[in-house]
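Peer 1: Handing you this structure, nothing more for now.
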Amino acid sequence: EPEVTQTPSHQVTQMGQEVILRCVPISNHLYFYWYRQILGQKVEFLVSFYNNEISEKSEIFDDQFSVERPDGSNFTLKIRSTKLEDSAMYFCASSEARGAYEQYFGPGTRLTVT
Amino acid sequence: AQSVTQLDSQVPVFEEAPVELRCNYSSSVSVYLFWYVQYPNQGLQLLLKYLSGSTLVESINGFEAEFNKSQTSFHLRKPSVHISDTAEYFCAVSRTGFQKLVFGTGTRLLVSP
């Protein structure tokens, strides 16, 4: 069964460093998403991406964050200058279409900022 | 804006007992409702969803949820749980026609023999 994959599974970085989290969505999906879950808190929507542009983003997704689909298969989340409060589990998801269609989630990348 | 409340952070239950995981939502517009499950070290998997029509929806592994508009609830039930049902369960809503999922804080279901 096709699945969303994410690398790395765990990333440790120092405050102020740039990180890139990578995701390979399911191949025929058109919509891509990033969510995050700070330990003990809710899973929060960050951004959705369609047709090579951001279709929706949350207040969390400020100028420190960017997304890209560089090569037609990968979908990346970049954090330009990490802060301690960026430590969280980051989930990538993809779906065939918007709205009612199921979002398929990856296993997540645990980001630890020290 | 939409919000989801899962009042129970953890629900311990014995194997073969019934269980109900509670979910209440708040929205001024029509929504879709979802239950996702997360097994240890895995991503979120869709368990079931309510889009429209019959208010009772079922999953392939025996779970069911009922959409109650007047009580703004979407509780998840199973009449007899297995050890393998031990996982974190997340209730989520999305505004109809939109993509963003709004999640509750999750309920950890612990099934013991």
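So the protein lines, in turn, are chains C and S. Heads up: the first sequence runs through residues 13 to 126, numbered per the numbering used here. Heads up: the second sequence runs through residues 827 to 939, numbered per the numbering used here. Backbone N, C-alpha and C fix where the C-beta goes; we use that ideal spot for every residue, glycine too.
1) Measure the C-alpha to C-alpha separation of Lys90(C) and Gly932(S) and round it to an integer number of angstroms.
2) When you compare only the Cα positions, how much space is there between Asp98(C) and Glu13(C)?
3) Starting from Glu68(C), find everything on chain S with Cβ-Cβ shorter than 9 Å and list it in chain order.
4) Using a Cβ-Cβ distance under 9 Å, would Gln11(C) count as near chain S?
5) How would you write the range of the beta strand (DSSP E) that Ile909(S) sits in, first residue to last?
6) Report buried or exposed for Pro844(S), applying the criterion of at least 16 other Cβ atoms within 10 angstroms of its Cβ.
7) Inspect the beta-carbon positions of Tyr915(S) and Tyr862(S) and report whether they are closer than 9 Å.
8) Count the other C-beta atoms from every protein chain shown that fall within 10 angstroms of the C-beta of Phe860(S), then say buried if there are 16 or more, exposed otherwise.
9) For chain C, is any of its Cβ atoms less than 9 Å away from the one on Lys875(S)?
10) Considering only residues of the same chain and omitting the five flanking positions on each side of Tyr113(C), which have a CB-CB separation below 6 Å?
11) Taking Phe916(S) as the query, report the chain C residues whose CB atoms sit under 7 Å from its CB, ordered along the chain.
12) Could you check the C-alpha separation between Arg122(C) and Leu874(S) for me, to the nearest Å?
13) For Asn64(C), I'd like the list of residues in its chain whose CB is within less than 8 Å of its CB, leaving aside the five on either flank, ordered along the chain.
14) Can you pull out the residues from the stretch 867-898 of chain S whose beta carbon lies closer than 8 Å to at least one beta carbon of chain C?
15) By Cβ distance, which residues of its chain are closer than 8 Å to Thr17(C), with the 5 residues on each side in sequence left out?
16) How many angstroms separate the CA atom of Pro939(S) from the CA atom of Arg848(S)?
17) Would you be able to state if there are at least three C-beta pairs under 8 Å between the stretch 917-936 of chain S and the stretch 834-842 of chain S?
18) Would you list the residues sitting across from Asn894(S) in a DSSP beta bridge?
19) Give a yes or no on whether the minimum CB-CB distance between Ser107(C) and chain S is below 9 Å.
20) Grab the span of the beta strand (DSSP E) containing His41(C) for me, first residue to last.
Peer 2: Once the coordinates are examined:
1) Against the first sequence, residue 90(C) aligns to sequence position 78. Against the second sequence, residue 932(S) aligns to sequence position 106. The straight-line gap from Cα to Cα measures roughly 27 Å.
2) Translated into the one-based positions of the first sequence, residue 98(C) becomes position 86. Translated into the one-based positions of the first sequence, residue 13(C) becomes position 1. Cα to Cα, the separation comes out at about 32 Å.
3) The residue you call residue 68(C) lines up with position 56 of the first sequence. Neighbours of Glu68(C) on chain S, chain order: Phe924, Gln925, Lys926.
4) Residue 11(C) lies beyond the range of chain C shown here (13 to 126); nothing can be said about it.
5) Working through the second sequence from its first residue, we reach residue 909(S) at position 83. Looking at the DSSP string, Ile909(S) is not in any beta strand (DSSP E), and its letter there is neither H nor E.
6) As a working note, residue 844(S) is residue 18 in the second sequence. A residue is called buried once 16 or more other Cβ atoms fall within 10 Å of its Cβ, and Pro844(S), having fewer, is exposed.
7) The sequence position of residue 915(S) within the second sequence is 89, counting from 1. The sequence position of residue 862(S) within the second sequence is 36, counting from 1. Yes; because the gap between Cβ atoms is below 9 Å, this pair is in contact.
8) The residue you call residue 860(S) lines up with position 34 of the second sequence. In this structure Phe860(S) is buried. Its beta-carbon is surrounded by 16 or more other beta-carbon atoms within 10 angstroms.
9) Counted from its first residue, the second sequence places residue 875(S) at position 49. Chain C, which has a Cβ nearer than 9 Å to the Cβ of Lys875(S), makes this yes.
10) One-based indexing of the first sequence puts residue 113(C) at position 101. So the qualifying residues of the chain are Ser107.
11) If you number the second sequence from 1, residue 916(S) lands on position 90. Going along chain C in sequence order, the residues near Phe916(S) (Cβ under 7 Å) are Val55.
12) Counting from one through the first sequence, the residue named residue 122(C) turns up at place 110. Counting from one through the second sequence, the residue named residue 874(S) turns up at place 48. Roughly 26 Å between the two C-alpha positions.
13) On the first sequence, position 52 is the one that residue 64(C) refers to. Answer for Asn64(C): Arg81, listed in chain order.
14) Result list: Asn867, Gln868, Gly869, Leu870, Gln871, Leu872, Lys875, Leu877.
15) Walking along the first sequence from the start, residue 17(C) turns up at place 5. Setting aside the 5 residues that flank it on each side, Thr17(C) is surrounded in the same chain by Cys35, Val36, Gly118, Pro119, each with a C-beta closer than 8 Å to its C-beta; the list follows chain order.
16) Residue 939(S) sits at position 113 when you count from the first residue of the second sequence. Residue 848(S) sits at position 22 when you count from the first residue of the second sequence. Take the alpha-carbon of Pro939(S) and the one of Arg848(S): they are about 23 Å apart.
17) With three or more CB-CB distances shorter than 8 Å, the stretch 834-842 of chain S counts as touching the stretch 917-936 of chain S.
18) Looking up residue 894(S) in the second sequence gives position 68. According to the DSSP secondary-structure assignment, Asn894(S) is paired through a beta bridge with Ser899(S).
19) Position 95 of the first sequence holds residue 107(C). Contact with chain S is found for Ser107(C), since one of that chain's Cβ atoms lies less than 9 Å from the residue's Cβ.
20) Mapped onto the first sequence, residue 41(C) falls at position 29. Run containing His41(C): none; DSSP gives neither H nor E here.
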